[in-house]
Each structure stands twice: as structure tokens, then as C-alpha cells.
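Numbering (this note's numbering), first residue to last: 71 to 195. See below for the structure under consideration.
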């Protein structure tokens, strides 16, 4: 599941454990994939609500779903873990745009912009 890239639909298929009475969204869209020291993180968006984050804590756990903690203006000040979940791709399997400069999937907005102007030198791959 953490192979998902930007714009991929993600569906929460099962909630293993919930930490409180927060409503768990079913359908989300990947905004960004981040590679961290601890493993990949997927930043997710719901059409009508706050942002979420999906992380993989290790081999003995399911994916962790986090909800953005925002202020009145919508700025994110932290993350709150809301559930341990199973997730899968949405209805269609994802397909990715390929950069004509470096022949790699376009994974970020910066890479997309660089490829549009012919400025990609492979730094985004």
C-alpha cells in the first residue's frame, strides 16, 4: 500500500483499532509521498475535510492513520493517531505520468513543473 503515489485513490478497507470516537474516512486521495528515515509516509486528503497521514510502524503492526490537528485558519500544528487500519488502492489501479526527461514516474509537483519546462535533470527520480 505504501507504494502509492500522488493522486492515487486509497480506500480504508478495515479498522483494526480506533483510539477514540473520531470518524474514520473510507475514501482518500494521496497528496504526497514522503520518504523518511523510518519509512514512507503518505499524506492523504479527503474532499470535504482535514488531511490525514498513513504510516507503517513496522512488520508486526498494521498501517497507522493520523489526523491533522489544525487551528481555526486551517494550519496544521501536529498529528493525532486515530486508528490502526488496513488500506488498499481505490477502484482503479494507479497509472503514472512518465517524465520525458528522466523516464521516471512523476511523483511530486516540483517534478511535474520541471518536466513541463524541460528542466528535469533526474534530481527528482
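Idealized CB from N, CA, C, for every residue including glycine. Predicted, not measured: the structure shown is a model, and the values here were computed from it.
Nearest-angstrom beta carbon gap, residue j and residue i [assumed within contact, 8 Å]
i, j, result
"residue 79", "residue 159", "7 Å"
Residue range of the beta strand (DSSP E) that includes residue i
i, result
"residue 86", "79–88"
"residue 201", "Since the first and last residues shown for the chain are 71 and 195, residue 201 lies out of range."
Among the options, the one whose alpha carbon lies nearest that of residue i
i, options, result
"residue 139", "131, 121, 132 and 129", "121"
"residue 75", "193, 173, 167 and 192", "167"
"residue 148", "131, 136 and 90", "136"
"residue 153", "182, 123, 106 and 181", "123"
"residue 129", "109, 146, 90 and 151", "109"
"residue 104", "119, 192, 155 and 178", "178"
"residue 133", "189, 82, 170 and 141", "82"
"residue 131", "190, 193 and 85", "85"
Enclosing alpha helix (DSSP H) for residue i [first to last residue]
i, result
"residue 182", "179–186"
Next on the checklist: Taking 8 Å as the cut-off, does the segment 92–104 touch the segment 112–127 (at least 3 CB pairs, one atom from each stretch)?
Outcome noted: yes
Checklist entry - What are the start and end residues of each continuous alpha helix (DSSP H) run of 4 or more residues lying completely inside the segment 104–161, in chain order? => result none
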